[in-house]
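**Q** So the protein sequences, as listed, match chains A and B. Read left to right, the first sequence gives residues 1494 to 1818 (the working numbering). Read left to right, the second sequence gives residues 8 to 365 (the working numbering). Every residue gets a Cβ at the ideal spot worked out from N, C-alpha and C, and that includes glycine. One structure, pasted below without further comment.
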Amino acid sequence: MAKLTIIQAINQALAQAMEQDPRVLVLGEDVGKNGGVFRATDGLLERFGEQRVVDTPLAESAIVGSSVGLAIGGMRPVAEIQFFGFIYETMDQIGTQAARIRFRSQGRYHVPLVIRAPYGGGVRTPEIHSDSIEAFFAHSPGIKVVTPSTPHDAKGLLLAAIQDPDPVLFIEPMRLYRAFREEVPDEWYEVPIGKARIAKEGEQVTVIAWGPMVPVAEQAAVQALESGISVEVIDLRTLSPLDLETITASVQKTGRAVVVHEAVRSGGLGAEVAAAIQEHAFLSLEAPIMRVTGYDTPFPVPSVEDLWLPDTGRVVAAIQAVMHY
Amino acid sequence: MDIAQEFPIQRVIDEEGQLVGDRSGVSDEQVREFYRWLVTLRTLDQRAWNLQRQGRIGTYPPFSGQEATQIGAVAALQKDDWICGSYRDWAALSYAGVPLSYPLLNSMGHAVSGRIPDGVNALPVQVVIAAQTLHAVGLAWSSALQNQGRVALTFFGDGATSQGDFHESLNLASVVKAPVVFLCQNNQWAISVPIARQMNSQTIAQRALAYNIEGIRVDGNDILAVYQTLREVVGRVREGRGPALIEAVTYRLGAHTTADDPTRYRPSEEEQRLSHGEPVARLRRYMLGNGLLTEDENKQVEEAAKATVEEAVQAAENFPKGSPEEVFDHVYAELTPQLRQQRAEFQQRIQEGGTARG
Ligand SMILES: Cc1ncc(C[n+]2csc(CCOP(=O)(O)OP(=O)(O)O)c2C)c(N)n1
Ligand SMILES: [Mg+2]
Chain A
1494 MAKLTIIQAI NQALAQAMEQ DPRVLVLGED VGKNGGVFRA TDGLLERFGE QRVVDTPLAE
1554 SAIVGSSVGL AIGGMRPVAE IQFFGFIYET MDQIGTQAAR IRFRSQGRYH VPLVIRAPYG
1614 GGVRTPEIHS DSIEAFFAHS PGIKVVTPST PHDAKGLLLA AIQDPDPVLF IEPMRLYRAF
1674 REEVPDEWYE VPIGKARIAK EGEQVTVIAW GPMVPVAEQA AVQALESGIS VEVIDLRTLS
1734 PLDLETITAS VQKTGRAVVV HEAVRSGGLG AEVAAAIQEH AFLSLEAPIM RVTGYDTPFP
1794 VPSVEDLWLP DTGRVVAAIQ AVMHY
Chain B
8 MDIAQEFPIQ RVIDEEGQLV GDRSGVSDEQ VREFYRWLVT LRTLDQRAWN LQRQGRIGTY
68 PPFSGQEATQ IGAVAALQKD DWICGSYRDW AALSYAGVPL SYPLLNSMGH AVSGRIPDGV
128 NALPVQVVIA AQTLHAVGLA WSSALQNQGR VALTFFGDGA TSQGDFHESL NLASVVKAPV
188 VFLCQNNQWA ISVPIARQMN SQTIAQRALA YNIEGIRVDG NDILAVYQTL REVVGRVREG
248 RGPALIEAVT YRLGAHTTAD DPTRYRPSEE EQRLSHGEPV ARLRRYMLGN GLLTEDENKQ
308 VEEAAKATVE EAVQAAENFP KGSPEEVFDH VYAELTPQLR QQRAEFQQRI QEGGTARG
């Protein structure tokens, strides 16, 4: 056991996966000598060599498209997209290829591919570097979408993603990369894909969040308790497929739900979660399901970022609104 | 085919400041003017780096080493021509008429830096590698369709040549004979990836062959070579003889951005070797050695540059902070009902003191 940050936990998971399975290779822009722009792949080139830690030419579609072939051909590629916003370059290879090969080939071929990408705001980046566009992929059958919010889950989920027989988009909350440390087991372990985590137990309101919004939701829960409201926080961890069981059980207990995401509001995953809740827990609901989200604009310039992003105050306000509906 | 022979590097002044080519296309006054710009923009770039280190601006992508390519190329354009660049092309934009405060405002996170002032025909800088090369094709194409006689010049890096967009640009422009000049700034690095790892071709210029367009290599640290080459190429392109690909061979003198640490991946021996021919010192050597500049005049140029840059810093730092709800402007021509409601909520939150509520 060692106390690791999220970025260190990811680095450790990659190293262990490569150690254990010679088919695993890491490819992407600046992942080799530079160790990735966030150092997620630091030290891997020295340990595993240029055949397995590949600085690719600057071409996202080539990274993902060739990974599809590598995966079908028997390798276990872990592709890095330097920032989630640049995944637009390879939407086609993900949406029409990686996600559909199993279906197209009627099960003859499958694509055990992991695509990693840092995402989210709060880091004062240039344009496109902070986008949260997970909903596009949750809306694409055939690819799973996973996002950790803690070092422990980062390692366990990444190892599970690498073991998964289907393509997994693994998005990493950039602002939490080095935000805190926690105990992470040295040995191999997996956190199952498709299982949410109760980050904090509570009785009156369920707040559902993922990735960078989990600490915001947890803080809001602490503040809400000061005014006597007991909040349960669910960290979804897997955005597709959703863990409806955990969500439903929680809302059946609390009777109220707030969904928090950094991504823009309209067409966001919050709408899917809300729809699922009213389908499965309608009779338990004491109030409409509320959403706290980014606004329907492109991600703003750094000077406006803090106001634009959902924060504790907005989440607390939504908690109070559903309490006093 | 002998690629080196097919694509020789055009050059007028060598690293030591010796005249090795024909500079008959550039007057002494123009040389002095270029030098003033080179010094001013180098001063700005270095100042920006320091401002970032002091926490006064955010992430900044330095263009030091690439001033000659950017200035020399824009100098070969006419006022109406289009410029499509990326994050590192503020020297080009500044020379084209965008205020020197804009690169600073950009790194301070002011949205205004995207609003290219009227009269300058340039798209805002954008970060998605190679995307702007296609916009240039469309702009040039639209000029041809409307008989405007305008050329589009697009800047991009060596890394950008790996993107599909780049190849699609060359092919489409060639097919429709769009009057576009593709100017690759081969600064040898794409963050940590050296050009030898980016491609297995000997040159970038040779890619023109595959698309049946003109391909030229020029010493990108030699402003006179860049300017004279571009003037000829722009002329031919404007006449409707099809697009051209120019590879300006240069060197990124420093880090990729202020967030990058090149000591992790780049040998300092290379830095020393390739920095020697950098454009500002090169032109200075030439001018000092050929009676175009005295040491005293050089001091004056440097002092004037400092003053100009100081004004730009002042302008940037005194720039009024926009009101945050402007983030809702310019998403569409008109606010949608959703955006109108969201803006009202946003304004109310700000009035109530921003974040802490409940
Ligand atoms: C589509 C896309 N992928 C990745 C990035 C991240 N990135 C920013 S600059 C850069 C390297 C670009 O190299 P080059 O084209 O040579 O331009 P230079 O930075 O050297 O000017 C990368 C990978 C990006 N901005 N856009
Ligand atoms: Mg480059």
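#1: Exposed or buried, what is Pro-1734 (chain A) when buried is set at 16 or more other beta-carbons lying within 10 Å of its beta-carbon?
#2: In terms of DSSP beta bridges, what is Asn-193 (chain B) paired with?
#3: Am I right that Leu-84 (chain B) and Leu-146 (chain B) are in contact with their C-beta atoms under 8 Å? What's the rounded C-beta distance?
#4: Just checking my contact of Thr-236 (chain B) with Gln-192 (chain B) at CB under 8 Å: how many whole Å lie between their CB atoms?
#5: Under 7 Å Cβ to Cβ from Glu-1738 (chain A), same chain only, skipping five residues before and after it: list those, please.
#6: I need the straight-line Cα distance from Ile-1587 (chain A) to Val-1661 (chain A), nearest angstrom please.
#7: Could you tell me if Glu-285 (chain B) is buried or exposed, where buried requires 16 or more neighbouring beta carbons within 10 angstroms of its beta carbon?
#8: Could you name the residues whose beta carbon sits closer than 7 Å to any heavy atom belonging to ligand 2, keeping them in chain order?
#9: Measure the alpha-carbon distance for Pro-283 (chain B) versus Ser-34 (chain B) and round it to whole angstroms.
#10: Under 8 Å between beta-carbons, which chain A residues line up against Met-206 (chain B)? List them in chain order, please.
#11: Could you tell me whether any Cβ in chain A is nearer than 7 Å to the Cβ of Arg-224 (chain B)?
#12: Based on DSSP bridge pairs, tell me the residues matched to Thr-161 (chain B).
#13: Run through DSSP, which three-state label would Arg-280 (chain B) get?
#14: Name the chain B residues that come within less than 9 Å of Ser-1796 (chain A), Cβ to Cβ?
#15: Counting only C-beta atoms, is Ser-1462 (chain A) closer than 7 Å to chain B at any point?
#16: Hey, is Glu-1620 (chain A)'s beta-carbon within less than 7 Å of any beta-carbon in chain B?
#17: Label Val-81 (chain B) either buried or exposed according to how many other C-beta atoms from any shown protein chain fall within 10 Å of its C-beta, with 16 as the threshold for buried.
#18: Report the three-state DSSP secondary structure of Lys-1693 (chain A) (helix, strand or coil).
#19: If we ignore side chains and look at the alpha-carbon of each, how far apart do Lys-1530 (chain A) and Ser-150 (chain B) end up?
#20: Is Val-135 (chain B) near ligand 1, judged by its Cβ being under 6 Å from some heavy atom?
#21: With a Cβ-Cβ cutoff of 7 Å, do Pro-110 (chain B) and Gly-121 (chain B) count as a contact?
#22: Thinking C-alpha only, which one of B:Met-294, B:Ala-185, B:Asn-207 and B:Arg-204 is nearest Val-244 (chain B)?
#23: Looking at C-alpha atoms only, which residue of A:Val-1571, A:Thr-1534, A:Asp-1523 and A:His-1603 is the closest neighbour of Asp-1514 (chain A)?
#24: Could you say if the stretch 1683-1690 of chain A and the stretch 1763-1778 of chain A meet the contact criterion of at least three C-beta pairs nearer than 8 Å?
#25: Let me make sure I understand the geometry here. Which of A:Ala-1814, A:Val-1524 and A:Ala-1506 has the alpha-carbon closest to that of Ile-1655 (chain A)?
#26: Within the present structure, is the beta-carbon of Gln-1575 (chain A) separated from the nearest heavy atom of ligand 4 by less than 6 Å?
#27: Using three-state DSSP, classify Arg-224 (chain B) as helix, strand or coil.
#28: Of the residues that make up the stretch 1781-1808 of chain A, which ones have a beta carbon closer than 9 Å to any beta carbon in chain B?
#29: By alpha-carbon positions, which one of B:Pro-68, B:Val-38, B:Tyr-67 and B:Gln-61 ends up nearest to Tyr-78 (chain B)?
#30: Can at least three beta-carbon pairs, one atom from the stretch 1741-1749 of chain A and one from the stretch 24-32 of chain B, be found at a separation below 8 Å?
#31: What residues in the stretch 338-359 of chain B bring their beta carbon closer than 7 Å to a beta carbon of chain A?
#32: Write down the C-beta distance between Gly-1635 (chain A) and Phe-1596 (chain A) rounded to the nearest angstrom, noting that I regard them as a contact closer than 8 Å.
#33: Over what stretch of residues does the alpha helix (DSSP H) that includes Thr-236 (chain B) continue unbroken?
#34: For my contact list, Arg-1617 (chain A) and Met-1568 (chain A) are in at a C-beta cut-off of 8 Å; report their separation, rounded to the angstrom.
#35: Show which residues of chain A have a CB atom less than 8 Å away from the CB atom of Arg-271 (chain B).
#36: Distance cutoff 7 Å, beta carbons only. Does Gln-170 (chain B) sit that close to anything in chain A?
**A** With the structure as the only source:
#1: Here residue 1734 (chain A) is taken as the residue at index 241 of the first sequence, counted from 1. With fewer than 16 other Cβ atoms within 10 Å, it is exposed.
#2: Against the second sequence, residue 193 (chain B) aligns to sequence position 186. Answer is B:Val-256.
#3: Locating residue 84 (chain B) in the second sequence gives position 77, counting from the first residue. Locating residue 146 (chain B) in the second sequence gives position 139, counting from the first residue. Their Cβ separation, rounded to whole angstroms, is 13 Å, which puts Leu-84 (chain B) and Leu-146 (chain B) out of contact at 8 Å.
#4: Here the question's residue 236 (chain B) lines up with position 229 in the second sequence. Here the question's residue 192 (chain B) lines up with position 185 in the second sequence. In this structure Thr-236 (chain B) does not touch Gln-192 (chain B) by the C-beta definition: roughly 14 Å separates them, more than the 8 Å allowed.
#5: Translated into the one-based positions of the first sequence, residue 1738 (chain A) becomes position 245. No residues qualify anywhere along the chain.
#6: Numbered from 1 along the first sequence, position 94 holds the residue referred to as residue 1587 (chain A). Numbered from 1 along the first sequence, position 168 holds the residue referred to as residue 1661 (chain A). Between Ile-1587 (chain A) and Val-1661 (chain A), the C-alpha separation is close to 10 Å.
#7: Within the second sequence, the letter at position 278 stands for residue 285 (chain B). So Glu-285 (chain B) ends up on the buried side.
#8: B:Gly-164, B:Asp-165, B:Gly-166, B:Gln-192, B:Asn-193, B:Asn-194, B:Gln-195, B:Trp-196, B:Ala-197 and B:Arg-259
#9: Counted from its first residue, the second sequence places residue 283 (chain B) at position 276. Counted from its first residue, the second sequence places residue 34 (chain B) at position 27. The sequence shown places His at residue 283 (chain B), not Pro. His-283 (chain B) and Ser-34 (chain B): Cα-Cα distance of roughly 26 Å.
#10: Position 199 of the second sequence, counted from the first residue, corresponds to residue 206 (chain B). Those within 8 Å of Met-206 (chain B) in chain A are Pro-1550.
#11: Translated into positions along the second sequence, residue 224 (chain B) becomes position 217. Taking Cβ atoms only, chain A never reaches closer than 7 Å to Arg-224 (chain B), which makes this a no.
#12: Your numbering for residue 161 (chain B) matches position 154 in the second sequence. DSSP lists B:Cys-91 and B:Phe-189 as partners of Thr-161 (chain B).
#13: Along the second sequence, read from residue 1 onward, the residue named residue 280 (chain B) stands at position 273. Note: Arg-280 (chain B) maps to helix in three-state DSSP.
#14: The sequence position of residue 1796 (chain A) within the first sequence is 303, counting from 1. Correct list: Met-115, Gly-116, His-117, Ala-118, Lys-328, Gly-329 and Pro-331.
#15: Nothing in the structure corresponds to residue 1462 (chain A), since chain A is present only between 1494 and 1818.
#16: As a first step, residue 1620 (chain A) must be located in the first sequence, where it is residue number 127. Yes, contact with chain B.
#17: The count along the second sequence starts at 1 and reaches residue 81 (chain B) at position 74. The residue is buried, with at least 16 neighbouring Cβ atoms inside 10 Å.
#18: For the purposes of this step, residue 1693 (chain A) is taken as the residue at position 200 of the first sequence. Under the three-state reduction of DSSP, Lys-1693 (chain A) is assigned to strand.
#19: What you label residue 1530 (chain A) is simply residue 37 of the first sequence in a count that begins at 1. What you label residue 150 (chain B) is simply residue 143 of the second sequence in a count that begins at 1. The amino acid at residue 1530 (chain A) is misidentified as Lys; the sequence shows Val. Distance between the alpha carbons of Val-1530 (chain A) and Ser-150 (chain B): 40 Å.
#20: On the second sequence, residue 135 (chain B) is found 128 positions in, with the first residue counted as 1. Yes, Cβ of Val-135 (chain B) sits closer than 6 Å to a heavy atom of ligand 1.
#21: Residue numbering aside, residue 110 (chain B) sits at position 103 when the second sequence is read from its first letter. Residue numbering aside, residue 121 (chain B) sits at position 114 when the second sequence is read from its first letter. Taking 7 Å as the Cβ cut-off, Pro-110 (chain B) and Gly-121 (chain B) do not qualify as a contacting pair.
#22: Residue numbering aside, residue 244 (chain B) sits at position 237 when the second sequence is read from its first letter. It is B:Ala-185 whose Cα lies nearest to the Cα of Val-244 (chain B).
#23: Position 21 of the first sequence holds residue 1514 (chain A). Nearest option by C-alpha distance: A:Val-1571.
#24: no
#25: For the purposes of this step, residue 1655 (chain A) is taken as the residue at position 162 of the first sequence. For the residues A:Ala-1814, A:Val-1524 and A:Ala-1506, the minimum Cα distance to Ile-1655 (chain A) belongs to A:Ala-1506.
#26: No copy of ligand 4 occurs in the structure displayed; its ligands are ligand 1 and ligand 2 alone.
#27: Residue mapping note: residue 224 (chain B) aligns to position 217 of the second sequence, counting from 1. Strand, per DSSP.
#28: Against chain B - using a Cβ distance shorter than 9 Å - the residues of the stretch 1781-1808 of chain A are Tyr-1788, Asp-1789, Thr-1790, Pro-1791, Pro-1793, Val-1794, Pro-1795, Ser-1796, Val-1797, Glu-1798, Asp-1799, Leu-1800, Trp-1801, Asp-1804, Thr-1805, Gly-1806, Arg-1807 and Val-1808.
#29: Counting from 1 along the second sequence, the entry for residue 78 (chain B) is found at position 71. According to the sequence as given, residue 78 (chain B) is Ile; it is not Tyr. Nearest C-alpha to Ile-78 (chain B): B:Val-38.
#30: Taking one beta carbon from each stretch, the stretch 1741-1749 of chain A and the stretch 24-32 of chain B have fewer than 3 pairs nearer than 8 Å; the two do not touch.
#31: Residues Val-338, Gln-345, Leu-346, Gln-349, Phe-353 and Ile-357.
#32: As a first step, residue 1635 (chain A) is located in the first sequence; it is residue number 142 there, counting from the start. As a first step, residue 1596 (chain A) is located in the first sequence; it is residue number 103 there, counting from the start. For Gly-1635 (chain A) against Phe-1596 (chain A), the beta-carbon gap comes to about 6 Å, under 8 Å, which counts as contact.
#33: As a working mapping, residue 236 (chain B) is identified with position 229 in the second sequence. Element bounds for Thr-236 (chain B): 230-245.
#34: Locating residue 1617 (chain A) in the first sequence gives position 124, counting from the first residue. Locating residue 1568 (chain A) in the first sequence gives position 75, counting from the first residue. Actually they are not in contact, since the Cβ atoms of Arg-1617 (chain A) and Met-1568 (chain A) sit about 37 Å apart, beyond 8 Å.
#35: Taking the second sequence and counting its residues from 1, one reaches residue 271 (chain B) at position 264. Ordered by position in chain A, the residues that pass the 8 Å Cβ test against Arg-271 (chain B) are Lys-1526, Asn-1527 and Gly-1528.
#36: Start at 1 with the first residue of the second sequence, and residue 170 (chain B) comes out as number 163. Chain A contact via Cβ: present.
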